[in-house]
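**Student:** My questions will all concern the structure given below.
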Amino acid sequence: MISKLILTTLLLAGGASAVAQQSVYLSDRGDDQGDGTKEHPYYSLNKALEQYGAEEDRTDTLFVWVQPGNYYMERPLILDTPSSRPVIVQSAGREKPQFIGGMRIGPWEACGNGLYRAYVPEVERFGFSFEQLYVNGKRATLARTPNEYWYEVKGSTEYPFVQGERAAAYAMQQVRFDDKDWSTLKDNPDEDLSQLKFRFYHKWAITQKRAEYVCLDSAAIYIQGDGMRPWNPVTRGSRYLMYDYKGALDAPGEWYLDRRQGYVYYIPQEGEDMASAVCIAPVLQHWLLIKGQAGAPVSNIQFKNLAFQYTAYLMPDKGEEAAQSAVNASAGVTLDFAQNVSFVDCDWMHTGGYALWFRQGCRHNTVERCYLSDLGAGGIKVGETIYRKDSLSATGHNVVDNSIITHAGQEMPSGAGVLLLHTSDNRITHNDISDLRYSGISVGWTWGYNANAVAPSPAVRNLIEYNHIHHIGWGELSDMGAVYTLGESPGTRITHNVVHDIWAYDYGGWGLYTDEGSTGIEITSNLAYRCKSGGFHQHYGKDNRVENNIFAYAYHYQLKYTRPESHRSFSFRHNIILYDRGEVLAGNGWQKGIVDMDRNLYWGPDTGKGFAGISFREWKKQREPHSLMADPLFVDPKKDDFRIADPRNIRKVGFKPWDYAQAGVYGSDEWKKRAELSGETLQAFDKAVKRWTAQ
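Take the sequence shown: its position 303, counting from 1, is numbered 303 in the numbering used here, and each next residue is one higher.
Spelled out as structure tokens, the structure:
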């Protein structure tokens with residue numbers, strides 16, 4: 001079975017045809033040689049939907065009923081034929097059927113020193129490789145050094161060979177390291193280092209490369225590819241880790257694949273019994289591909305109450321160049337020219353890249369009450385980095401509602417929870433987004449203003465509303481925020497969201513962050529608290545409206561405004577700023593920039609210089625004559641209760657309370673409970689925060 005799985009995956013083998021029926025049935029005990037009836041159900045989704053679109057005149061609904069069970073997928077489901085026939089694929093019971101894009105690994109045998117190993121014949125026979133392993137549904141750690149956090153680069157030298165516009169189009173770099181950090185390599189001089197990989201952390205992205213040449217004696221490597229960008233170089237002090245070599249296999253939960261002999265090695269964690277453990281190696285990169293055409297979209301399909309698990313990520317031969325939001329990562333479910341396709345009550349878990357991507361020409365599609373967890377990159381991408389003038393090719397009018405996106409960035413830490421690229425009129429509402437290393441929701445893909453861009457930003461009229469975004473950053477990347485925007489975005493609204501516990505590595509870790517050229521954005525009635533570098537930051541932009549928000553208890557400073565310009569940057573009115581430390585107004589913009597700013601309520605210690613270098617009294621005289629320093633009289637803000645106990649002070653500045661408890665997912669108590677992070681995760685996050693606050 002395993003050999004057949006690998007062969008069909010590598011060769012993309014096809015299947016036989018079947019006649020579509022009004023109802024088709026799947027069972028994990030079924031057979032694709034059956035007829036799809038209840039008595040003789042199929043096994044694969046591919047078989048059940050092969051005839052979708054083949055009979056163009058049929059308009060009755062095709063129901064595909066899937067019995068609960070485990071379905072190991074030998075190839076992705078591909079739908080590329082338009083049809084007027086609606087299709088509903090759903091569980092035949094309350095339990096979600098599991099569509100698995102991986103293969104079982106085992107049996108395991110003890111091989112000394114706490115190690116276990118399992119032979120994977122496909123590795124030797126077919127050159128099959130994998131870079132993720134899951135044990136009892138938990139992602140194991142590909143052997144790495146150090147086991148926690150990272151080391152620092154000692155120095156680097158670049159040798160450019162082909163000139164580029166802002167960096168070399170092709171270059172080689174020598175990267176040097178401290179000898180003391182290389183003991184796991186030097187103690188094993190005969191080890192196979194052909195798969196040895198390095199991850200370098202930049203400000204807001206990572207570079208991952210194989211070493212072209214390793215100098216064990218001098219603790220240096222040579223890598224090649226794009227030249228180093230001036231804004232993201234690998235240089236002295238850059239953080240790095242090295243992984244995928246056997247010498248690093250030294251901690252419970254770590255594993256390594258010997259690609260020469262075909263054995264996978266693993267060190268069990270406490271309580272794991274390898275005789276009964278369910279171990280999965282991902283095989284497929286995609287579960288589902290919808291491939292419509294301009295003017296002929298694939299449409300009217302619903303997937304309901306299904307679970308998709310395990311997709312693969314293999315680092316490309318040339319490595320991963322630094323990319324914001326892991327924008328180049330693939331997605332387990334990828335749609336092009338799709339309309340009215342919906343995913344309801346579905347799970348996507350254990351991915352190599354993103355879970356879902358509404359890519360080109362996707363309109364009026366919906367993700368509703370879905371659970372996305374243990375993600376290699378981010379959760380959901382919408383749109384493209386390519387600007388599409390043709391309205392049929394542009395993506396827009398999609399909805400992501402009442403869904404949970406959590407535990408992301410496992411392979412590419414820069415993945416975003418929801419990434420809106422060149423796309424308009426989307427609604428991202430009532431989602432719970434947590435435990436990411438980078439931004440929660442990112443909107444736009446144009447740096448600067450339209451007048452300076454190749455084409456105007458099409459990221460307009462997007463709605464980001466009632467989302468709960470929390471416990472992101474983990475002190476791993478910088479220059480990130482719970483909600484991050486780029487470029488001119490008139491009509492975009494960021495409203496009624498609750499964001500908290502946002503923690504960057506260095507600078508950044510903002511709650512609401514309007515970056516380069518952000519224009520025409522409404523930011524109203526949001527609650528942002530415990531953000532490392534402030535509840536709000538505008539780098540530079542134009543005519544944004546920041547009103548009726550609560551910004552509380554940021555760590556370094558409360559608000560930041562970086563670049564003053566000759567136009568009005570934003571309005572800032574009727575907000576509450578509650579603080580117990582740090583500057584209130586930081587950055588170069590407050591004194592020199594053009595901001596319509598008044599009728600705000602501040603409450604906290606006045607150090608005499610917290611308001612752009614002066615006291616609140618002086619600031620009030622110069623810039624905000626009607627703003628107040630007064631207690632907003634929340635119920636218990638130190639315990640995250642920001643309800644208004646007494647409105648007498650907030651009325652003086654025109655602040656209007658809203659029910660911030662409505663942010664996040666809605667529905668049953670069971671569904672809301674699923675959005676909560678475990679105590680173990682919360683403790684780990686607090687540990688990461690304390691690591692930086694103690695420095």
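Just so you know, even glycine gets a beta-carbon here, dropped at the ideal spot from N, CA and C.
Between the Cα of LEU559 and the Cα atoms of HIS468, HIS574, GLU583 and GLU547, which residue gives the shortest distance?
**Tutor:** Ranking the options by Cα distance to LEU559, first place goes to GLU583.
**Student:** Between which residues of its own chain and GLY14 is the CB-CB distance below 7 Å, once the five residues before and five after are set aside?
**Tutor:** Unreliable placement is indicated for GLY14, whose pLDDT of 34 sits below 50; the coordinate value is still reported in the next sentence. Closer than 7 Å at the Cβ level, and outside the excluded window around GLY14, lies no residue.
**Student:** Counting along the chain, where does the beta strand (DSSP E) carrying PHE570 start and finish?
**Tutor:** Residues 568 to 573.
**Student:** Answer with buried or exposed for GLU465, where buried requires no fewer than 16 other C-beta atoms within 10 angstroms of its C-beta.
**Tutor:** GLU465 comes out buried.
**Student:** For the alpha helix (DSSP H) containing LEU216, name the first residue and the last one.
**Tutor:** It is not in any alpha helix (DSSP H) - LEU216 carries neither H nor E in the DSSP assignment.
**Student:** Cβ of GLY589 within 9 Å of Cβ of THR562?
**Tutor:** Cβ atoms of GLY589 and THR562: closer than 9 Å.
**Student:** Cutting at 6 Å between CB atoms, please list the residues of its own chain near GLU124, excluding the five before and the five after it.
**Tutor:** Taken in chain order, the residues that qualify are GLY262.
**Student:** Flag GLU124 as yes when its Cβ comes closer than 8 Å to any non-hydrogen atom of the ligand HEM, and as no otherwise.
**Tutor:** Absence of the ligand HEM from the depicted structure is noted, as is the absence of any ligand whatsoever, leaving it without description.
**Student:** Tell me which residues share the same chain as THR524 and place their Cβ nearer than 6 Å to its Cβ, disregarding the 5 neighbours each side in the sequence.
**Tutor:** If we look at THR524 and ignore the five residues flanking it on each side, its Cβ neighbours are THR495, GLU547 and ASN548.
**Student:** Please work out which residues of its chain come closer than 6 Å, Cβ to Cβ, to MET242, disregarding the five sequence neighbours upstream and downstream, and give them in chain order.
**Tutor:** Closer than 6 Å at the Cβ level, and outside the excluded window around MET242, lie THR145 and PHE198.
**Student:** If you drop the 5 nearest sequence neighbours on each side, which residues of the same chain put their C-beta closer than 7 Å to that of ARG674?
**Tutor:** The answer, listed in chain order, is TYR371 and ILE404.
**Student:** Roughly how many angstroms lie between the CA atoms of GLU680 and VAL665, to the nearest whole one?
**Tutor:** Their backbone Cα atoms lie some 22 Å apart in a straight line.
**Student:** Please say whether SER489 and VAL443 have beta carbons closer to each other than 9 Å?
**Tutor:** For VAL443 and SER489, yes; Cβs fall inside 9 Å.
**Student:** If you measure between the beta carbons of PRO82 and LEU289, is that distance less than 9 Å?
**Tutor:** No.
**Student:** Does the beta-carbon of ARG359 have 16 or more other beta-carbons within 10 angstroms, so that it is buried, or is it exposed?
**Tutor:** By the neighbour-count rule (16 or more Cβ atoms within 10 Å), ARG359 is buried.
**Student:** Ordered along the chain, which non-local residues of its own chain (more than five positions away) have a Cβ less than 7 Å from that of GLN21?
**Tutor:** Residue confidence for GLN21 is low, a pLDDT of 48 falling below 50, so the modelled location carries little weight; the figure read from the coordinates is stated next. Excluding positions up to five away in sequence, the list reads GLY36.
**Student:** Can you tell me which residues form a DSSP beta bridge with VAL705?
**Tutor:** A query on residue 705 cannot be resolved here, the shown segment of the chain reaching from 1 to 695 and no further.
**Student:** Please classify GLU212 as buried or exposed, where buried requires at least 16 other C-beta atoms within 10 Å of its C-beta.
**Tutor:** Counting Cβ neighbours within 10 Å, GLU212 comes out exposed, since fewer than 16 surround it.
**Student:** Which runs of the beta strand (DSSP E) fall wholly inside the segment 146 to 197 and span at least 3 residues, in chain order?
**Tutor:** Here the runs fully enclosed are 151 to 162 and 170 to 177.
**Student:** Name, in chain order, the residues that DSSP records as bridge partners for CYS531.
**Tutor:** Answer is ILE502, bridged to CYS531.
**Student:** DSSP beta-bridge partners for LEU288?
**Tutor:** LEU77 and VAL333, per the DSSP bridge assignment.
**Student:** Jot down the residue ranges of each uninterrupted alpha helix (DSSP H) in the segment 359 to 426, minimum 4 residues, whole runs only, in chain order.
**Tutor:** Runs of the alpha helix (DSSP H) inside the segment 359 to 426: none found.
**Student:** By Cβ distance below 7 Å, which residues in the same chain neighbour ASN461 in space, the five residues on each side in sequence not counted?
**Tutor:** Note that residue 461 corresponds to Arg in the displayed sequence, not to Asn. SER424, ASP425, GLY491 and THR492.
**Student:** Just the C-alpha distance for PHE685 and ASP60, rounded to the nearest angstrom, thanks.
**Tutor:** Taking the straight line from one Cα to the other gives about 51 Å.
**Student:** With 16 other CB atoms within 10 Å as the buried threshold, where does VAL341 fall?
**Tutor:** When all chains shown are included, VAL341 counts as buried.
**Student:** Pull up the distance between the alpha-carbon of PRO632 and that of HIS556, whole angstroms please.
**Tutor:** Rounded to whole angstroms, PRO632 to HIS556 spans 21 Å at the Cα level.
**Student:** Give a yes or no on whether the C-beta atoms belonging to THR235 and GLY319 are separated by under 9 Å.
**Tutor:** Against a cut-off of 9 Å, the Cβ pair of GLY319 and THR235 comes out as no contact.
**Student:** Cβ of HIS471 within 9 Å of Cβ of ALA663?
**Tutor:** No, Cβ-Cβ distance for HIS471 and ALA663 is not below 9 Å.
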